[in-house]
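Undergrad: The structure is given below, and queries will be raised subsequently.
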Amino acid sequence: MAVSTLFAKLSPVKQRDVVSLVASAEQVVIAYQDGNGKTQLDAQTVTQSDLWMAATQLIARHEISKANVHLVLGHGLYQSLLIDDPGLSDEDKRAALPFQLKDFISDSPSDIVADGFSSPVANRFQAFVCHKLPLIQFSKALEKSQCRLTNVSLEDVVLRQWTRLDKTEMVLSRDSYGVLQLAAFHLGRLCFQRQIRGVILEGQMMSPSVVDDLALEVQRSLDYLRSQLKSVQVTGLVVSVHGIDDTELAFQLSSRLSVAVRPQQLFETEAHHQHIAIAALNCDYSPDVNLFSDGLSPKAPLLTFEKMLLVWGATSLLVVLVAAYQQFSLGQAKQFFSVADSERQSAQSLSDELNEQLALHLPSISLTNEVNEKKASIDAKRRALTAVKKHDAALQQGHADTFRALASLSRRDISVSSISVSQNALDLKGLASTPSSVPAWLQSFSTQPSLSDRVFEQMALSRDEKNRLNFNLVSKRENGGSAK
3 MAVSTLFAKL
13 SPVKQRDVVS
23 LVASAEQVVI
33 AYQDGNGKTQ
43 LDAQTVTQSD
53 LWMAATQLIA
63 RHEISKANVH
73 LVLGHGLYQS
83 LLIDDPGLSD
93 EDKRAALPFQ
103 LKDFISDSPS
113 DIVADGFSSP
123 VANRFQAFVC
133 HKLPLIQFSK
143 ALEKSQCRLT
153 NVSLEDVVLR
163 QWTRLDKTEM
173 VLSRDSYGVL
183 QLAAFHLGRL
193 CFQRQIRGVI
203 LEGQMMSPSV
213 VDDLALEVQR
223 SLDYLRSQLK
233 SVQVTGLVVS
243 VHGIDDTELA
253 FQLSSRLSVA
263 VRPQQLFETE
273 AHHQHIAIAA
283 LNCDYSPDVN
293 LFSDGLSPKA
303 PLLTFEKMLL
313 VWGATSLLVV
323 LVAAYQQFSL
333 GQAKQFFSVA
343 DSERQSAQSL
353 SDELNEQLAL
363 HLPSISLTNE
373 VNEKKASIDA
383 KRRALTAVKK
393 HDAALQQGHA
403 DTFRALASLS
413 RRDISVSSIS
423 VSQNALDLKG
433 LASTPSSVPA
443 WLQSFSTQPS
453 LSDRVFEQMA
463 LSRDEKNRLN
473 FNLVSKRENG
483 GSAK
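FYI, in our numbering the residues of the sequence shown are 3 to 486.
In structure tokens:
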């Protein structure tokens, strides 16, 4: 089972089939549509076995799997209560309703499930109750066939489909115990139900007295509903009594009642519970009542054998893929390394061959020294030629720029008496009015291009016999010497 379940989970998701089961104390009826769309019916009698075991046997006999199961509980498997409206919301109803009903039932609220709806009769609430444990156990049993219990309704509620959903009508039926049941529906919602006792219908021949008694009971129910339903009235009665000619009974009652009477026209053959099972195949067969909720479904364990098998399989596949990829990468790397090593060896052989050829073309040491000496001689001659060119250029240009620059920098506090100028030297002598006049005059040399590159390394200040301030400026020579 584990392997089949695993592959079922991996298969594409498709719409699930619907199977209906009607459970009663005497039998369990199953209905479903086969691959050709034809409705199939079968029943399992409940004798020594439990009715839930009988339902499971029906599922297995017809090889039902991966289906949604609609369960309908017959009379005797649930309780119907009409109570004051508790005013519960849809979210709180399922949890709080069992505690609202604890005064009306003998079971503990934790052992039951309940559901219901507001009834149009005198602001009351129609509640339905059944035991919780059988539903949970049956839901677990369905998991073996990969089926899911999705809805649990009641025999009285399903009879709504016998009526016109936009009218207020009554349904006369007979349950598996042979008891006549009368139910009223307002706009498809159950608002009244009762058993008719003391009236026995047997065979196809119905005596007028029996029909009169039945009509009297139905008329009493009609009168009661007229008093409760102020704004609406019951417009019809649907006859669906198993073992009786519905058409004949409807004809007999129509002459005795104040409402229209018609036989049920949904089904031609089969018994009452088979009709219920077929009607329950409809997805909206019970929009107001569902005694089964997701909270009752058994919680799937986080760690199951199927999940472990799936994880192991995925892990093994991942390990194999990683190992295969690494092996492939290693083979590619070895192949690349082999090619690279072959190329390296070829390059090394070529390098050795070229080095051998280069060794044959190396010049002799004496020839190399002679070439170096020639290069040094040529460099010396080039430097001498450059110096001569500079000297010739200086001779051609003269020192006119220097004298013009000195003339432009004339000052009242400086009097130059001697100028000695050459290409690399400029010596100045003269008189100054104050000792600070000479440095100020030298700072102004930076404004003249021909004087800005002159650097003076000696400055002498002295007084002559007339107490005049003499200065003597000696410029820096290239050979580091000083003017005398």
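The C-beta atom is built at its ideal place from N, Cα and C for all residues, glycine as well.
Does the segment 124–143 touch the segment 95–110, meaning 3 or more C-beta pairs lie closer than 8 Å?
TA: yes
Undergrad: Can you say whether A326 is buried or exposed, counting buried as having 16 or more other CB atoms within 10 angstroms of its CB?
TA: exposed
Undergrad: Out of D381, V261, Q347 and S257, state which residue places its alpha-carbon closest to the alpha-carbon of R228.
TA: V261
Undergrad: Looking at K284: is its Cβ nearer than 9 Å to the Cβ of D117?
TA: One detail in the question is off: residue 284 reads as Asn in this sequence, not Lys. No. Outside cutoff.
Undergrad: State buried or exposed for Y287, treating a residue as buried only when at least 16 other CB atoms are found within 10 Å of its CB.
TA: buried
Undergrad: Ignore the nearest five residues each way along the sequence and tell me which others in R18's own chain have a CB closer than 7 Å to its CB.
TA: Same-chain partners within the cutoff: K68, A69 and N70.
Undergrad: Any idea what DSSP makes of P265, helix, strand or coil?
TA: Reduced to three states, the DSSP call for P265 is strand.
Undergrad: Kindly indicate which three-state DSSP category A25 falls into: helix, strand or coil?
TA: strand
Undergrad: What is the DSSP secondary structure of T58, counted as helix, strand or coil?
TA: helix
Undergrad: Chain D beta carbons: is any one of them nearer than 9 Å to that of S438?
TA: Annotation note: the requested chain D is absent from the structure, which comprises a single protein chain.
Undergrad: What does the alpha-carbon distance come out to for the pair G297 and A217?
TA: 45 Å
Undergrad: Quick check on V5: buried or exposed, where buried means 16 or more other Cβ atoms within 10 Å of its Cβ?
TA: Summary for V5: the model assigns pLDDT 41, below 50, so the residue's position carries little reliability; its value from the coordinates is reported in the next sentence. With fewer than 16 other Cβ atoms within 10 Å, it is exposed.
Undergrad: Suppose only complete runs of 3+ residues qualify. What are the beta strand (DSSP E) ranges in the segment 58–103, listed by chain order?
TA: 69–75 and 81–86
Undergrad: Apart from the five residues on each side of it in sequence, which residues of its chain come closer than 8 Å, Cβ to Cβ, to I85?
TA: Q102, L103, F106, R126, F127 and A129
Undergrad: Note down, in chain order, each residue of its chain lying with its Cβ closer than 7 Å to the Cβ of S120, except the 5 sequence neighbours on either side.
TA: D87 and F127
Undergrad: Taking I278 as part of the alpha helix (DSSP H), name the residues at either end of that continuous run.
TA: H274 to A281
Undergrad: Taking the continuous alpha helix (DSSP H) assigned at D248, which residues delimit it?
TA: Going by DSSP, D248 is part of the alpha helix (DSSP H) stretching over D248 to S256.
Undergrad: Roughly how many angstroms lie between the CA atoms of S448 and F458, to the nearest whole one?
TA: 13 Å
Undergrad: Could you give the DSSP three-state label for T404: helix, strand or coil?
TA: helix
Undergrad: So the candidates are T58, K142 and S155; which of them puts its Cα closest to the Cα of G76?
TA: Ranking T58, K142 and S155 by Cα distance to G76 puts S155 first.
Undergrad: Going by other Cβ atoms of all chains shown within 10 Å of its Cβ, with 16 needed for buried, is L305 buried or exposed?
TA: exposed
Undergrad: Measuring straight from C-alpha to C-alpha, what distance separates K486 and F473?
TA: Below a pLDDT of 50, predicted positions are generally treated as unreliable, and K486, at 39, falls in that range; the measurement from the model is reported next regardless. One C-alpha to the other measures close to 14 Å.
Undergrad: Exposed or buried, which one is M461 when buried takes at least 16 other CB atoms within 10 Å?
TA: exposed
Undergrad: Does the beta carbon of R199 fall short of 8 Å from some heavy atom of the ligand NAD?
TA: Looking at this structure, you won't find the ligand NAD or any other ligand, since it has none at all.
Undergrad: When we look at the beta-carbon of R385 and count the other beta-carbons within 10 Å, is it buried (16 or more) or exposed?
TA: exposed
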